[in-house]
Every structure is written in C-alpha cells, then in structure tokens.
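Just so you know, the protein sequences line up as chains F and B, in that order.
According to my numbering, the first sequence is numbered sequentially starting from 181.
According to my numbering, the second sequence is numbered sequentially starting from 20.
Note that beta-carbon positions come from the ideal geometry of N, C-alpha and C, so glycine has one too.
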Amino acid sequence: METVAFYSYKGGVGRSLLLANAAQFLATLGKRVVALDFDFEAPGLHYKFSGVDRQDIAGGAVPYLLATATGAEAPPALKAHSLSLAVASGEGGRLQLIPAGPAPSEQYWAALKQLGERLRLNDPSGNGFMAVLDLQARIRDEMRPDYLLIDARTGVTELGGLTTTILADTVVCLFAPNQESLDGTLKIVEALKAAPRLDRQKPVRVVPVLSRATGGAPDDEAFTSGVQRLLELSDRSKDKSKRDQTGLLMLPHDETFGNGERLVGIQLEATVFSPLFKAYLGLFRKLFP
Amino acid sequence: MNAEALNTLVTGAIWRAEQLEEKDVPAVAHAWLEVSVLEERLAQVLPHSKGEGRIARRGAVRAALKANDYDRARLLAEMYGAEKGASRALKAALREMLEENARQAASRYPNAARHYNVREVRDVARHFHEGGAFGLAA
Numbered sequence: 181m182e183t184v185a186f187y188s189y190k191g192g193v194g195r196s197l198l199l200a201n202a203a204q205f206l207a208t209l210g211k212r213v214v215a216l217d218f219d220f221e222a223p224g225l226h227y228k229f230s231g232v233d234r235q236d237i238a239g240g241a242v243p244y245l246l247a248t249a250t251g252a253e254a255p256p257a258l259k260a261h262s263l264s265l266a267v268a269s270g271e272g273g274r275l276q277l278i279p280a281g282p283a284p285s286e287q288y289w290a291a292l293k294q295l296g297e298r299l300r301l302n303d304p305s306g307n308g309f310m311a312v313l314d315l316q317a318r319i320r321d322e323m324r325p326d327y328l329l330i331d332a333r334t335g336v337t338e339l340g341g342l343t344t345t346i347l348a349d350t351v352v353c354l355f356a357p358n359q360e361s362l363d364g365t366l367k368i369v370e371a372l373k374a375a376p377r378l379d380r381q382k383p384v385r386v387v388p389v390l391s392r393a394t395g396g397a398p399d400d401e402a403f404t405s406g407v408q409r410l411l412e413l414s415d416r417s418k419d420k421s422k423r424d425q426t427g428l429l430m431l432p433h434d435e436t437f438g439n440g441e442r443l444v445g446i447q448l449e450a451t452v453f454s455p456l457f458k459a460y461l462g463l464f465r466k467l468f469p
Numbered sequence: 020m021n022a023e024a025l026n027t028l029v030t031g032a033i034w035r036a037e038q039l040e041e042k043d044v045p046a047v048a049h050a051w052l053e054v055s056v057l058e059e060r061l062a063q064v065l066p067h068s069k070g071e072g073r074i075a076r077r078g079a080v081r082a083a084l085k086a087n088d089y090d091r092a093r094l095l096a097e098m099y100g101a102e103k104g105a106s107r108a109l110k111a112a113l114r115e116m117l118e119e120n121a122r123q124a125a126s127r128y129p130n131a132a133r134h135y136n137v138r139e140v141r142d143v144a145r146h147f148h149e150g151g152a153f154g155l156a157a
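This is the structure in structure tokens:
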C-alpha cells in the first residue's frame, strides 16, 4: 500500500478536489483505493465524490478514533466507518471513502470535541501516534488497498504534521502562485525532509504542485528562486544528472472545475479538452508511475 | 516540606486521581501528574535505602505512566536506577514498569504494534512533542 498525503500550507488550492480526482482516476485503472479525510476541522472530502448520500454517513475517522480512544472493548469495524463508491469504469477497481464523519452536524462537532479531550496527538507517550498508526495499519491489513490517499489538514497542525511526516510515503504539496503560499510551503518541505521516520520507512517523497496558476508561475526573482529551492528539496536523487527534469508541476485555474468542485475523471466527455484535466493526467503520471 | 506532610499530600492526590479515573474525567492525566510530582518530592527527602523511599520512587514512575507522560517516567526511572547503591530489585521493578506499559500500548493498538516498535514510535512522538507540529519549533 502506498500512502499519499495531499497537503497545502494555505487553503483554497484545490487539495481535496485533486485527491478525489486522483482516487477516481486510480480506481478506473483497476486500482483499489481508500480515500481518508483527515481534515477534521473543515471536513468535506465526502462532498467531492459523486454518489455519496451525505444523510447516510454515520461513521468516519473521528467517530472511529473516538471509539478507540475511549477504550471500546472490541475495536470498531472499519466497515461501519467507510463507504463504497461507484467507479466509473475499470475492471477490479475499487474506491472506498472514510469521511471525517457526519459533518457538518452537531453530532460530528461533539465527537470532535471529545476526541480532542481524549486523544492528544502530541502526547509524548506516543498514544496519539499509535492510535493513528493503528488505523492506517487496519486499512492496510483489512481493506488491502493499493493506495491510501489522505486529505491532510491545511496549515501547521498536529494531525497535518503526523499525516505528512509519519503516515505518508508521498506528500503532494499544493501551493498558490504567491510568495506567502510558497514561503510557507518551503518551510514545511524543509521540515518534512528533516523529520524522523520510523524504522523501515523510506524517506518521504515530496511532490510540489503549483495550483490555481493563471499564466504560469510568477517570474519575479524571489518566487523563482523559492521554486528552485523547493524542487531541489523534493528531488530525491543525489546524482544531479539523474534528477527529474520535469520541472514544476502546475495545475491551471479552471473556472468550470475549480468553482464547480466536480470530479473530472468521470466527466470525461465534458472535460477531455479541459486544461485542468490535462494537467491532472500529467500529475497522475508522475505521482503513480 | 517534610516527609509526613508530603505523604499526606500524596495520599490526597492519589485519592483524587482515582476518583477522576473512576468517573472517566479527561483531566485525570493532570491528576496523576500531580501525584508523580509529589512522589518525586517525597523521593528527594527519603533515601532509596528506606522502604518508603523505594515506594516513593516506584510511585513517581507509576503515576507518570498513568499520566501518559512516558518521557517523564523514563527519565525518573533512569535517574533512580542511576542512584548510588540503588538495589537490583528497584532497578528491575522500574524497568518492568516501563516494559509493562509498552506491552499495554501494543495490546491496545495491536495493528500498529505489528508494524512498528512501540518504543520507536514513542521516540518519534517525543521529537514532535518537543518540536511541535512538523518539528517546526525544534
């Protein structure tokens, strides 16, 4: 199982939408995919997939972790906290969603409040880490996906940090074409590269993606040198000649899909000529070779 | 503060922590930390050669573990184990407490424990506890 976290230092860069499209894309290629919403404070991944009846959502990552934190005698069944979604095409493809929970609802916010009281992710005892690693291990062992795609919380949060530094094999870092977004992203990528990993984990792979790009990346010196540094940090090859020459991956601003927040993967007829659709395909080729 | 006064405080703090634990109050960890701090103070005024001194040392470590402060428990255990003339029995008891706690964590999260070593996870957790999210404050 490959775990890919989708992260952005600032919000509004199309992170969840990209994840939903990647999930649908992989499933149509016959891959087994689990999409996990770890954006607990602003959950919405379940809005990005078509065919999700939001009234039917009772479980999710927050209720699951709360049940384990309160010491439920038997661990909750993952089935009660996940939804099977339709896959547009592709033999053997499977797409399952673990939403954050039945959000937005009073019940969800109450559960999130209790979880915050019960489970401290930065607990030096490691209990917070163990609880989240346990969920990931159960997904790996019981749901057996090829890919686990995690929507990580924006900004600097404990769960966002844990998701990107420890859970992820690959972190897709989206940023907007402005210095504020780039500078924050650079700090995060530097931290990701310096963060300790658990035994047997490979160094994290970072894929920076410039999003909402209208007319390419800004060409001022500060932005250009920042992007250069970002690309150097994210390239795993020590041998310069073997380094990726693709350059910065960019997702253009697309009014149709950016505003509509729709899946492009299953809207093939309508989107085949969309620049965003083409950019998604280019990114997916790099992300999932 | 003398040993008698500290003993009274420890007894009261343990009673309070147990009551909170029984009622499943989230703040119970703070109550156990208070017990651990008082037991540590008691250990400072009672030598390990005395039975009460050894009890205080074990109590400080046990209460830190109950407070989920594994780091503190480990540091205390190391400190008491390194005291001049500390008995083998005391050292073994302190070590066993830490190991039992790690076994409990592994049984509580068996799926994670199949893939990762609890101690190693704790080391990484401590890194992020000290350095904040992403380790940015390190």
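DSSP places L431/F within a strand segment (E or B) once states are collapsed to three.
Counting only the Cα atoms, G151/B lies some 30 Å from E115/B. In summary, G104/B is exposed, with fewer than 16 beta-carbon neighbours lying within 10 Å of its beta-carbon over all protein chains present. The residue from G231/F, N307/F, G191/F with its alpha-carbon nearest to that of A268/F is G231/F.
Here the alpha carbons of F153/B and L378/F stand approximately 14 Å from one another. Legend: CB atoms of the stretch 126 to 143 of chain B lying less than 9 Å from CB atoms of chain F belong to residues R127, Y128, P129, N130, A131, A132, R133, H134, Y135, N136, V137, R138, E139, V140, R141, D142, V143. For the pair A75/B and L95/B, the CB atoms are not nearer than the 8 Å cut-off. Contact check for P282/F and G240/F: beta-carbon distance about 7 Å, within the 8 Å limit, so the pair qualifies.
The C-alpha of F468/F is placed about 12 Å away from the C-alpha of Y460/F. Listed in chain order, the alpha helix (DSSP H) elements of length 4 or more contained wholly in the stretch 322 to 408 of chain F are 338 to 342, 359 to 374.
Within chain B, G151, A152, F153, L155 have C-beta atoms less than 9 Å from the C-beta of V336/F, given in sequence order.
In the displayed model, D142/B falls within a helix according to three-state DSSP. For Y187/F, the enclosing beta strand (DSSP E) stretches over residues 182 to 188.
The beta carbon of A266/F sits closer than 7 Å to the beta carbons of G231 from its chain, once the five residues preceding and following it are set aside; these are given in chain order.
In the structure shown, the three-state DSSP call for I237/F is coil.
The Cβ atoms of Y89/B and R141/B lie closer than 8 Å to each other.
Counting only the Cα atoms, E23/B lies some 51 Å from A257/F. With respect to the 8 Å criterion, V336/F and V384/F are not classified as neighbours on the basis of their beta carbons.
From the beta-carbon of R76/B, no residue of chain F is found nearer than 9 Å; the closest lies around 20 Å away. Annotation: P325/F has no Cβ neighbours in chain B at a cutoff of 8 Å; minimum Cβ distance is about 15 Å.
Not a single CB atom of chain B sits nearer than 8 Å to the CB of L328/F. Using a Cβ-Cβ cut-off of 9 Å, Y89/B is close to D303, P304, S305, G306, N307 of chain F, given in chain order. Bounds of any beta strand (DSSP E) do not take in D314/F; it lies within the alpha helix (DSSP H) bounded by 307 to 318.
Between L57/B and V29/B, the CB-CB gap stays under 8 Å. Along the stretch 199 to 221 of chain F, none of the residues has a CB nearer than 8 Å to a CB of chain B.
Remark: C-beta atoms of L347/F and V312/F approach each other more closely than 8 Å. Inter-residue distance for V389/F and L199/F is about 13 Å (C-alpha atoms, whole angstroms). Listed along chain B are F147, F153, G154, each with a C-beta nearer than 8 Å to that of T345/F. In chain order, G273, D326, Y327 place their CB closer than 7 Å to the CB of K211/F, counting only its own chain and leaving out the 5 sequence neighbours on each side.
In the three-state scheme derived from DSSP, where H, G and I count as helix and E and B as strand, F218/F is classed as strand.
Residue state for R300/F is assigned as coil, using DSSP reduced to three classes. Relative to the Cα of R298/F, the nearest Cα in the group A247/F, L263/F, P279/F, L431/F belongs to A247/F. Where S264/F is concerned, the enclosing beta strand (DSSP E) starts and stops at 263 to 265. When Cβ-Cβ separations below 8 Å define contact, A257/F makes no contact with chain B. By a beta-carbon distance limit of 8 Å, R320/F contacts M181/F. Their separation comes to about 5 Å. At a cut-off of 8 Å between beta-carbon atoms, I237/F makes no contact with chain B.
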